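Here's the structure we're looking at; comments come further down.
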Amino acid sequence: MAPNYDLAVNLPLRLNAATLLNARLARTRVDADALAYPDLAGPLDVREAIARWLARASGHAEVDPALIALTIGARHALGLTLLQVAMPRNRVVLVEERTYHGFRTAARGMGIQCVDVAADEHGARPEALAQAARRHAAQVFYVQPTYQNPTTVTMPLARRQAIVATARELGLILIEGDVYSPLATFSGEALPSLASLAPERVFHAGGIGKILGPGLRVGWLLHPDRESHASTTALIQREQDGLPTLWPRVVARCMDDGSLDAHLQGLAGSMRERGRLARRIVGDDLVVNGACLHAWLPATDPVGVERRLLARGVRVARSSNFVSRPRRPRGVRLSLGAEEDIGRLEDALSIVAAAR
Numbered sequence: 080m081a082p083n084y085d086l087a088v089n090l091p092l093r094l095n096a097a098t099l100l101n102a103r104l105a106r107t108r109v110d111a112d113a114l115a116y117p118d119l120a121g122p123l124d125v126r127e128a129i130a131r132w133l134a135r136a137s138g139h140a141e142v143d144p145a146l147i148a149l150t151i152g153a154r155h156a157l158g159l160t161l162l163q164v165a166m167p168r169n170r171v172v173l174v175e176e177r178t179y180h181g182f183r184t185a186a187r188g189m190g191i192q193c194v195d196v197a198a199d200e201h202g203a204r205p206e207a208l209a210q211a212a213r214r215h216a217a218q219v220f221y222v223q224p225t226y227q228n229p230t231t232v233t234m235p236l237a238r239r240q241a242i243v244a245t246a247r248e249l250g251l252i253l254i255e256g257d258v259y260s261p262l263a264t265f266s267g268e269a270l271p272s273l274a275s276l277a278p279e280r281v282f283h284a285g286g287i288g289k290i291l292g293p294g295l296r297v298g299w300l301l302h303p304d305r306e307s308h309a310s311t312t313a314l315i316q317r318e319q320d321g322l323p324t325l326w327p328r329v330v331a332r333c334m335d336d337g338s339l340d341a342h343l344q345g346l347a348g349s350m351r352e353r354g355r356l357a358r359r360i361v362g363d364d365l366v367v368n369g370a371c372l373h374a375w376l377p378a379t380d381p382v383g384v385e386r387r388l389l390a391r392g393v394r395v396a397r398s399s400n401f402v403s404r405p406r407r408p409r410g411v412r413l414s415l416g417a418e419e420d421i422g423r424l425e426d427a428l429s430i431v432a433a434a435r
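Under this note's numbering, the letters of the sequence shown match residues 80 to 435, in that order.
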């Protein structure tokens with residue numbers, strides 16, 4: 080029987096996350112107010128903690144907590160955004176030509192068409208964005224400027240500014256997927272978020288799934304204005320009269336007392352080491368970037384690579400999930416955090432090197 084290695088799921092290393100959370104959980108005060116129906120946007124003190132943390136950990140300028148709404152993870156935040164910015168319009172959203180499969184799945188489930196925008200080594204190309212927007216009468220662009228999934232690309236400042244300038248010229252709304260930027264910040268690669276460069280037109284979806292663990296289901300959506308924030312809270316009320324608040328309170332405490340920052344420093348250092356290890360084993364053409372949780376392996380026949388890996392006991396994400404059919408993905412994503420044991424990761428990467 081072949082071994083079973085996981086290079087498919089983008090998980091952060093656990094490190095001491097459980098110990099950290101247990102310690103903060105024991106000191107988290109639950110009063111009578113916490114047992115009532117919560118504010119539809121989430122407790123104000125939690126949103127204030129998130130606002131402070133975003134300002135230092137996620138490339139933001141000053142953040143208004145009144146524009147934040149808690150969500151059940153970043154993917155929930157993306158779905159809420161699609162409901163209010165794409166559904167009422169022409170149901171077309173521009174996306175990077177290879178992008179997060181969860182966004183494509185959510186859009187497809189709502190009957191929204193994803194239209195690809197060509198990219199280069201710096202991310203989506205502004206001229207391609209303008210061309211696609213005009214051709215398809217699109218008004219919304221979903222983009223991941225930091226540690227893009229699946230390609231690992233981080234947009235340099237000049238490209239971010241050019242994307243913002245194009246969006247302003249054409250009146251585009253930007254949906255910024257931003258679950259990885261804290262890893263970049265604590266790896267010494269901080270860059271301003273799109274929300275800080277164009278706060279009037281960016282919906283910023285974030286969460287702690289890629290830095291603490293997806294099981295907590297703690298995310299948030301930062302809005303461009305009060306009107307869109309009110310639309311989100313109305314959607315939340317329609318769904319379930321508010322969201323759970325215990326884990327958000329625990330995470331907020333971790334943000335305020337510095338323990339989340341310390342965890343991130345350790346995680347960023349470990350992921351940088353894993354990226355270097357992966358490149359040594361797989362080859363110099365493997366695309367790694369700082370503390371990114373994943374690497375990108377260029378491949379002319381990614382489906383063939385996936386089949387050979389699966390036959391040898393290594394699971395990777397299906398490359399076709401990241402692209403619009405029948406476009407070819409031209410690569411395979413390798414997740415570097417799911418295998419907690421470094422020896423197992425080395426074994427899996429050695430199989431990749433032999434099977435590519």
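Ideal placement from N, C-alpha and C gives every residue a C-beta, glycine not left out. Only a predicted model underlies this, so the values are computations on that prediction, with no experimental measurement involved.
Can you have a look at M234 and say buried or exposed, based on whether 16 or more other CB atoms are within 10 angstroms of its CB? Within the sequence shown, numbered from 1, the residue matching residue 234 stands at position 155. M234 should be labelled buried.
Terminal residues of the beta strand (DSSP E) in which T150 lies: Indexing the sequence shown from 1 puts residue 150 at position 71. T150 -> beta strand (DSSP E) spans I147 to T150.
Report yes if the C-beta of R170 is less than 7 Å from at least one heavy atom of the ligand HEM; otherwise report no. Only the bare structure without any ligand can be found here, which leaves the ligand HEM out of the picture.
Between which two residues does the beta strand (DSSP E) carrying Q192 extend? As a first step, residue 192 must be located in the sequence shown, where it is residue number 113. Its beta strand (DSSP E) spans residues Q192 to V196.
Here's the rule I'm using: 16 or more other beta-carbon atoms within 10 Å means buried, otherwise exposed. How should Y179 be labelled? Your numbering for residue 179 matches position 100 in the sequence shown. With 16 or more Cβ atoms within 10 Å of its Cβ, Y179 is classed as buried.
Given a threshold of 16 other Cβ atoms within 10 Å of its Cβ, counted over all protein chains shown, does P91 qualify as buried or as exposed? On the sequence shown, residue 91 is found 12 positions in, with the first residue counted as 1. Answer is buried; the Cβ neighbour count reaches 16.
For D195, the nearest candidate out of V232, V172 and D335 (CA to CA): Here residue 195 refers to the residue found at position 116 of the sequence shown. Closest option to D195, Cα to Cα, is V172.
Given F265, which residues of its chain have a CB within under 8 Å of its CB, disregarding the five upstream and five downstream residues? By 1-based counting over the sequence shown, the position of residue 265 is 186. Counting only Cβ-Cβ distances below 8 Å, and skipping sequence neighbours, we find A136, D340, L343, Q344, L346, A347 and A370.
Entirely within the region 272 to 336 and at least 3 residues each: give me those beta strand (DSSP E) ranges in chain order. 281 to 286 and 298 to 301
Need the endpoints of the alpha helix (DSSP H) that P381 sits in, please. To locate residue 381, count along the sequence shown from 1; it is residue 302. It spans P381 to A390 - the alpha helix (DSSP H) in which P381 sits, taken as one unbroken run.
DSSP state of G181, grouped into three classes? Counted from its first residue, the sequence shown places residue 181 at position 102. Three-state result, G181: helix.
DSSP three-state call for E175: helix, strand or coil? Within the sequence shown, residue 175 is the residue found at index 96, counting from 1. Residue state, collapsed to three classes: strand.
With a threshold of 16 other CB atoms inside 10 Å of the CB of E318, please say whether the residue is buried or exposed. Stepping through the sequence shown from its first residue, residue 318 is reached at position 239. Exposed, because fewer than 16 other Cβ atoms sit within 10 Å of the Cβ of E318.
Less than 8 Å between the CB atoms is what I'm expecting for L236 and L270, so what's the real figure, rounded? Translated into positions along the sequence shown, residue 236 becomes position 157. Translated into positions along the sequence shown, residue 270 becomes position 191. The pair is a contact, with the Cβ atoms about 6 Å apart (cut-off 8 Å).
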